[in-house]
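Asks: Quick one: the structure is below, questions incoming.
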Amino acid sequence: MADTFQKGTSLVHEDRLFPANLDMRDIARRLYSEVKDLPIISPHGHTDPSWFANNAPFGNPAELLLAPDHYIYRMLYGQGISLDALGVPSKAGNPDTDPREAWRIFAENYYLFRGTPSRLWLDHVFNEVFGLSEPLDGSTADAYYDVINTALQSDAYRPRALFDRFNIELLATTECPTDTLDHHKTIQSSGWGGRVISAYRPDAVIDADHERFQAALDEFADITGEETRSWTGYLAAHRKRREDFKAIGTTSSDHGHPTAFTADLGAAEAEALFDKVVAGKGTAKDHELFRGQMLTEMARMSVDDGLVLQIHPGSCRNHNGPLFQSHGRDKGADIPMQTDYVHALRPLLNAFGNDPRLSIIVFTLDETSYSRELAPLAGHYPALKLGPAWWFHDSPEGMRRFREQTTETAGFYNTVGFNDDTRAFLSIPARHDVARRVDCSFLARLVAEHRLREDEAQELARALAYDLAKAAYKL
Amino acid sequence: MADTFQKGTSLVHEDRLFPANLDMRDIARRLYSEVKDLPIISPHGHTDPSWFANNAPFGNPAELLLAPDHYIYRMLYGQGISLDALGVPSKAGNPDTDPREAWRIFAENYYLFRGTPSRLWLDHVFNEVFGLSEPLDGSTADAYYDVINTALQSDAYRPRALFDRFNIELLATTECPTDTLDHHKTIQSSGWGGRVISAYRPDAVIDADHERFQAALDEFADITGEETRSWTGYLAAHRKRREDFKAIGTTSSDHGHPTAFTADLGAAEAEALFDKVVAGKGTAKDHELFRGQMLTEMARMSVDDGLVLQIHPGSCRNHNGPLFQSHGRDKGADIPMQTDYVHALRPLLNAFGNDPRLSIIVFTLDETSYSRELAPLAGHYPALKLGPAWWFHDSPEGMRRFREQTTETAGFYNTVGFNDDTRAFLSIPARHDVARRVDCSFLARLVAEHRLREDEAQELARALAYDLAKAAYKL
Amino acid sequence: MADTFQKGTSLVHEDRLFPANLDMRDIARRLYSEVKDLPIISPHGHTDPSWFANNAPFGNPAELLLAPDHYIYRMLYGQGISLDALGVPSKAGNPDTDPREAWRIFAENYYLFRGTPSRLWLDHVFNEVFGLSEPLDGSTADAYYDVINTALQSDAYRPRALFDRFNIELLATTECPTDTLDHHKTIQSSGWGGRVISAYRPDAVIDADHERFQAALDEFADITGEETRSWTGYLAAHRKRREDFKAIGTTSSDHGHPTAFTADLGAAEAEALFDKVVAGKGTAKDHELFRGQMLTEMARMSVDDGLVLQIHPGSCRNHNGPLFQSHGRDKGADIPMQTDYVHALRPLLNAFGNDPRLSIIVFTLDETSYSRELAPLAGHYPALKLGPAWWFHDSPEGMRRFREQTTETAGFYNTVGFNDDTRAFLSIPARHDVARRVDCSFLARLVAEHRLREDEAQELARALAYDLAKAAYKL
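Line by line, the protein sequences are chains V, Z and G.
Numbering-wise, the first sequence is residues 1 to 475 according to our numbering.
Numbering-wise, the second sequence is residues 1001 to 1475 according to our numbering.
Numbering-wise, the third sequence is residues 2001 to 2475 according to our numbering.
Rendered as structure tokens:
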């Protein structure tokens, strides 16, 4: 069993992701050497705060690395392997799957991940977290399972120990307005030095298409003592909970709407819309209008309370109807769709986009908007910045396209560094490492092509790895 | 005249299409050396089965290489050269054009193809099929014409001899359900060993916007003995003909719809729609709905009879009205248009996409869907795979974009290798060679950047050149 | 103060923008060495003809380089710097800003432009026009200001002297049909040898959404003596003014519509539409239809008078409402939007696209159309050619994407070389130099990958830098 990080084996080459051209590679190496050990700022993600509150050991390899990670089981499912065989929970509960058997299936099919970022992240985890150096396949499946399983039972692999070992300076989780934030309070009163904050994610109380909308409104009333079925009370409840989130360190809200649509209705019109939607009388169009109006309301609150506003649109959720019936949400069946920003964001930007006190961070799954819409918008509006390459595009080629297609119009300083957006805690160092390597490689090209001096690139490498995230998220 | 393949001349360099970086080039060379001589699997194309049934000599150079190839004459037409001057047939018949004169015009304007894949394919054909080594231009036009013309009269250049020489293991043509398949039957009973199959392409009996729809329905009745103007008889006719196609080796159907729209109507609703459309009372929207419903019906049949379902949407056919009037279909005036897959394919995928027995292969002319829609869909649904870079994108840059934009989400194993989709028989080896070189170059970059081991890349090079096509098309 | 061009300093490296790979770099150097000193053809731009008519000295550095250039102040504004502080005029007039103070703010924030083409152009101007060689930042701000300010007062920096020094063979400005063309007449009768022509840009008299539409129609009547509120008189007025523009050397018209929509109405229908629109009774849809019809009318006139028709669609103008209120048009708040060409251009192309006498040049801000729509269209229609990478895409990465995504389908010869489209006169040599370097680098890759012979690349390098612009714009 490994309790140190081992490098340089065949699983993770020290020059991985750097350009093959030797001149560029040398520049990339120099840039990377100055940023590789910077602490990790993870301002947007989906880890479970109870891990750090309770600090209990993680479960077995399959339960930790396989069953919760839709990046991984979607690929296996897509090749005809059943989710049951992988131990992925359904609405009926956890399937009765031997975790070692699930792991073997994964190992035998690990070749499917060739060329994907999951492969890079997993090899990094295997090698640098668990000290493994032979490639994973059917022949090494059991050895892998044993090494990882044993490690997970040791204190060095408990959540807080890993957090410290990973050199994480800050980690943000994501919670609903109806969350008690008890785990975060436990962490903060524990005496442990790790900084774990939350992000305010009110989708369930904003999106009337969400299956829990009505129930969430009730819980929202309970936790705030506000009348959340009146427009005034509803807004007051948001303001109250935003303060609660701020009290445990939160600096941002987060909004996962189907589109980037925003609206800026008059007060009376907004109230009438709210009444209709809450009464369950809204059409699909009313629901969209209400979501759009609420982004503008959130921006208005942000101007007052300083929370950064994150907008993540463009996913067609639960595309696979039968799978949604059997297994519910977040099972790898969310598919990106074409997304307009230029018209969609205009009401919000015309209302608050000229205010430099406000910070709006926009993400996209539609790469066509990088050069056409997002870079021109972020390069103009003082309030707007671009989140990093996101989700399916959180990958070497995706990051490269992001830089190539946004930098010339928006520059580097209207972007916000990297965030990992992950629930796979063990992969966080791997993901930040990939981002640092890819950004250093992009910068190395600019230097090698004499478009940037190396001292500038060095400053930028640090900004992209650390400074910009800290500044943009007001940390 | 040449009867052997000559290499290494100025027309086709042995390192063509490999990366300029020497480390990557060396890797690419090694990968390519293991796949360059693999037999050609051509599971989707548009060659004429009568060539292999009759084995008659091809005509003159202009008639063989110029007049039927809209990749070539569209470029010349676009620079103001008339189709008549090139010998391209119109509705009025073949123009009275001296083929040598047409060839000279082509040769004088061959510089227009610089940077296009047509140039790569043609130089390959000139050099490796005809042994020519001087560049084609006005000064060499006549010499070219004579060499090619003489060769075509020899037995070594008859269709079957070339098929054998090209090392083609399997070639699929494409036929309508109203085709007798006589040529295929002739080939199979001829004693010649070449394997030539068909693909079932029922557009004319499915697309009510097709000018031959009503006539084709009648022929469909004649050839099947079914009542093709009743819903039950119509479906039975499809089932019958699919079996006929299977009997001569067919393993796939092929559907060239304007969009990727699919529908999954109830039985009564589908029948009512059919009745309306067949009666000529359908609106444009009804025609679209019927096309969409039929893709789902074809999938239903595929689950039973095992045919692979190919969908090729997104071309705005016959964009040039005056040219369509004078020259008819397929004259280089089909223009790609923006194509949605995420909503369009949902009904079909929700009905049959979770069934691993089914194999659906989707192609696109809208590259924006690679990373946004197609790779996420193919990386999730067991039944769905991605066809290669298609038509205008069947080119070095197009193939590179395909790999760069699909691999990270769909991996390599949700793609189906290369197919040439061509009616230009002599260019088939050239096209497969380009694909093998470009894929090896892409893999070489992954190896040089330490994202893949070379032994994995070698396995993948073979899969992309040969194994995946064979598996995906159930050959 | 510098009166010679100094090279090779740290600001502009002699190998800038060439590939890092040494083999490719050597090829790129050789190609570039043959085209770098070719005269500049600038057939499309927005410089002020009064500069060359009056030949008065330019103002101070901030007034010349900062206040009029929305590429520059949009980035500074986007980071929270007020336009007043930069000396940018508002509707209230010029702010009372010390130009040296504005320059200092610019200098301190010059790092924001890292990775942008503005940085490349500005460093080129600083170094090659003003002989500066230290990087611009807060510490060099005053020295820069003094050097530039002193230079601008010398005769060597007057407009005509710079025009001659820049080796400009032809420069086109852009004027409304209501312009007297007096500056152009002055230039032509001045005895100075510089060739400055105009482009006919009738947006204000065609676009009923333009705030000056009605007033412009009146001026259009005044300057032509035609009844511009009758369809016949209106068309006659266009014809007359097109002749006036031709008389001072104009060879093209230019159309900046929101979309690429075209229409081809019957004569009576067109007249009825015109009457409705001019009477102020048109809907938004009527205005769009009228703009579309007028593109076809302009094409009809072009067939007669030979003017090249330029179409520049796809910008959502004045996106920032509050800024438009305070500062008016052209303040960096025009944002590209998704643009269809395949359906939009069909009426125009079906009417005139098969006529090789006509030359239509289309530009786009939506890069997704390069490979999907524009290259296939330009590779087929005799009348259609592709303008270069435009506006936000006039950049190294933008130009590379343009070549990579258009060449394989349209070839090089359906493109029209480079144009700078700028109002920043001093940056014209820098912009053409960037284009020449990027095109030579693209060609070098094709040569290094054995897709093109070097002698062909050399011919192409010259065509892209000089010949194609001259031919396409009929100069």
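Cβ atoms here follow ideal geometry from the backbone N, Cα and C, with glycine treated the same way.
(1) Check for me: the alpha helix (DSSP H) holding residue 2288(G) runs from which residue to which?
(2) Which residues in chain G sit within 9 Å of residue 1188(Z), going by Cβ to Cβ distance?
(3) Measuring only between beta-carbons, confirm whether residue 75(V) sits less than 8 Å from chain Z.
(4) On the CB-based measure, 16 or more other CB atoms within 10 Å of its CB, does residue 433(V) come out buried or exposed?
(5) Just the Cα atoms here: how many angstroms apart are residue 2057(G) and residue 2067(G)?
(6) Determine whether the Cβ of residue 2023(G) lies closer than 8 Å to any Cβ atom of chain Z.
(7) Just to confirm, are residue 2418(G) and residue 2388(G) a CB contact at a threshold of 8 Å?
(8) What residues from the stretch 302 to 332 of chain V come within 8 Å of chain Z, judged by C-beta to C-beta, listed N to C?
(9) Output the boundary residues of the beta strand (DSSP E) element that contains residue 2308(G).
(10) Across which residues does DSSP place residue 415(V) in a beta bridge pair?
(11) Interface residues of chain V around residue 2068(G) at Cβ under 9 Å?
(12) Which ranges would you report for the beta strand (DSSP E) in the stretch 207 to 279 of chain V if only whole runs of at least 3 residues count?
(13) Here's the rule: buried if 16 or more other CB atoms are within 10 angstroms of the residue's CB, otherwise exposed. What is residue 2087(G)?
(14) Mind pulling the beta strand (DSSP E) runs of 3 or more residues that sit fully within the stretch 2015 to 2040 of chain G?
(15) According to DSSP, residue 336(V) sits in a beta bridge with which residue or residues?
(16) Suppose you measure from the CA of residue 1215(Z) to the CA of residue 1203(Z); what does that come to, to the nearest Å?
(17) Check each residue of the stretch 1100 to 1118 of chain Z: if its Cβ is closer than 8 Å to any Cβ of chain G, include it; give the result in chain order.
(18) DSSP three-state label for residue 2200(G), please.
(19) With DSSP as the reference, label residue 1071(Z) as helix, strand or coil.
(20) Would you list the one or two residues that DSSP bridges to residue 175(V)?
(21) What would DSSP say about residue 2169(G), mapped onto helix, strand or coil?
(22) Would you call the CB atoms of residue 1053(Z) and residue 1186(Z) closer than 8 Å?
(23) In whole angstroms, what is the alpha-carbon distance linking residue 2361(G) and residue 117(V)?
(24) Nearest-angstrom Cα distance between residue 2314(G) and residue 342(V)?
(25) Comparing C-alpha positions only, which one of 2021(G), 2077(G), 2100(G) and 2020(G) sits nearest to residue 2488(G)?
(26) Name, please, each residue of chain G whose Cβ falls closer than 7 Å to the Cβ of residue 411(V).
(27) Between residue 2370(G) and the rest of its own chain, which residues show a CB-CB distance below 6 Å, the 5 nearest in sequence each way excluded?
(28) Please name the residues in the stretch 1448 to 1473 of chain Z whose beta-carbon is closer than 9 Å to at least one beta-carbon of chain V, in chain order.
(29) Just verifying my parser: in three-state terms, what is the DSSP assignment at residue 3(V)?
(30) Return the chain-ordered list of same chain residues with a C-beta closer than 7 Å to the C-beta of residue 196(V), the five sequence neighbours on each side being excluded.
(31) Hey, residue 1024(Z) and residue 1465(Z): beta-carbon distance below 8 Å or not?
(32) Pair every Cβ in the stretch 2031 to 2043 of chain G with every Cβ in the stretch 1285 to 1295 of chain Z, then say whether three or more of these pairs are closer than 8 Å.
(33) In this structure, does DSSP put residue 1362(Z) in helix, strand or coil?
(34) Distance check for residue 303(V) and residue 217(V), CA to CA, integer angstroms please.
(35) Which runs of the beta strand (DSSP E) fall wholly inside the stretch 1419 to 1452 of chain Z and span at least 3 residues, in chain order?
(36) What are the partner residues of residue 2093(G), as DSSP defines its beta bridges?
Replies: Answer, in terms of the structure:
(1) Numbered from 1 along the third sequence, position 288 holds the residue referred to as residue 2288(G). Start and end: 2284 to 2305.
(2) Taking the second sequence and counting its residues from 1, the one referred to as residue 1188(Z) is at position 188. Result: empty, since nearest Cβ-Cβ is about 38 Å, beyond 9 Å.
(3) In the first sequence, residue 75(V) corresponds to position 75, counting from 1. Closer than 8 Å: yes.
(4) Within the first sequence, the letter at position 433 stands for residue 433(V). The residue is buried, with at least 16 neighbouring Cβ atoms inside 10 Å.
(5) Here residue 2057(G) refers to the residue found at position 57 of the third sequence. Here residue 2067(G) refers to the residue found at position 67 of the third sequence. Roughly 17 Å separates the two Cα atoms.
(6) Position 23 of the third sequence holds residue 2023(G). Interface residue, yes.
(7) Numbered from 1 along the third sequence, position 418 holds the residue referred to as residue 2418(G). Numbered from 1 along the third sequence, position 388 holds the residue referred to as residue 2388(G). Yes, the Cβ-Cβ distance between residue 2418(G) and residue 2388(G) is below 8 Å.
(8) 316, 319, 320, 321, 322, 323 and 332
(9) Walking along the third sequence from the start, residue 2308(G) turns up at place 308. Unbroken beta strand (DSSP E) run through residue 2308(G): 2308 to 2311.
(10) By 1-based counting over the first sequence, the position of residue 415(V) is 415. Paired residue(s): 386(V).
(11) The residue you call residue 2068(G) lines up with position 68 of the third sequence. None at all; the shortest Cβ gap to chain V is about 17 Å.
(12) 252 to 255
(13) Locating residue 2087(G) in the third sequence gives position 87, where the first residue counts as 1. Burial call: buried.
(14) none
(15) The residue you call residue 336(V) lines up with position 336 of the first sequence. Partner(s): 315(V).
(16) For the purposes of this step, residue 1215(Z) is identified with residue 215 of the second sequence, where counting begins at 1. For the purposes of this step, residue 1203(Z) is identified with residue 203 of the second sequence, where counting begins at 1. If you take the alpha carbons of residue 1215(Z) and residue 1203(Z), they lie about 13 Å apart.
(17) 1111, 1112, 1113, 1114, 1115, 1116 and 1117
(18) Within the third sequence, the letter at position 200 stands for residue 2200(G). Strand.
(19) Within the second sequence, residue 1071(Z) is the residue found at index 71, counting from 1. In this structure, residue 1071(Z) counts as helix in the three-state DSSP scheme.
(20) Stepping through the first sequence from its first residue, residue 175(V) is reached at position 175. According to DSSP, residue 175(V) bridges with 200(V).
(21) Counting from one through the third sequence, the residue named residue 2169(G) turns up at place 169. Strand.
(22) Residue mapping note: residue 1053(Z) aligns to position 53 of the second sequence, counting from 1. Residue mapping note: residue 1186(Z) aligns to position 186 of the second sequence, counting from 1. Contact flag set, yes.
(23) In the third sequence, residue 2361(G) corresponds to position 361, counting from 1. In the first sequence, residue 117(V) corresponds to position 117, counting from 1. Their backbone Cα atoms lie some 42 Å apart in a straight line.
(24) For the purposes of this step, residue 2314(G) is taken as the residue at position 314 of the third sequence. For the purposes of this step, residue 342(V) is taken as the residue at position 342 of the first sequence. Using only the alpha carbons, I get a separation of about 11 Å.
(25) Because residue 2488(G) is not part of the residues shown, which for chain G are 2001 to 2475, the question remains open.
(26) What you label residue 411(V) is simply residue 411 of the first sequence in a count that begins at 1. Chain G residues near residue 411(V): 2075, 2112, 2113, 2114, 2115 and 2116.
(27) Taking the third sequence and counting its residues from 1, the one referred to as residue 2370(G) is at position 370. Same-chain partners within the cutoff: 2405 and 2406.
(28) 1448, 1449, 1450, 1451, 1452, 1453, 1456, 1457, 1459 and 1460
(29) In the first sequence, the residue the question calls residue 3(V) occupies position 3. Bear in mind that a pLDDT of 38 at residue 3(V), under 50, signals an unreliable position, so the number given afterwards is only what the model happens to contain. Three-state result, residue 3(V): coil.
(30) Translated into positions along the first sequence, residue 196(V) becomes position 196. Closer than 7 Å at the Cβ level, and outside the excluded window around residue 196(V), lie 49, 52, 171, 173, 184 and 187.
(31) Within the second sequence, numbered from 1, the residue matching residue 1024(Z) stands at position 24. Within the second sequence, numbered from 1, the residue matching residue 1465(Z) stands at position 465. Cβ atoms of residue 1024(Z) and residue 1465(Z): not closer than 8 Å.
(32) no
(33) Your numbering for residue 1362(Z) matches position 362 in the second sequence. Strand, per DSSP.
(34) Your numbering for residue 217(V) matches position 217 in the first sequence. Your numbering for residue 303(V) matches position 303 in the first sequence. Distance between the alpha carbons of residue 217(V) and residue 303(V) is about 24 Å.
(35) none
(36) The residue you call residue 2093(G) lines up with position 93 of the third sequence. Its beta-bridge partners are 2090(G).
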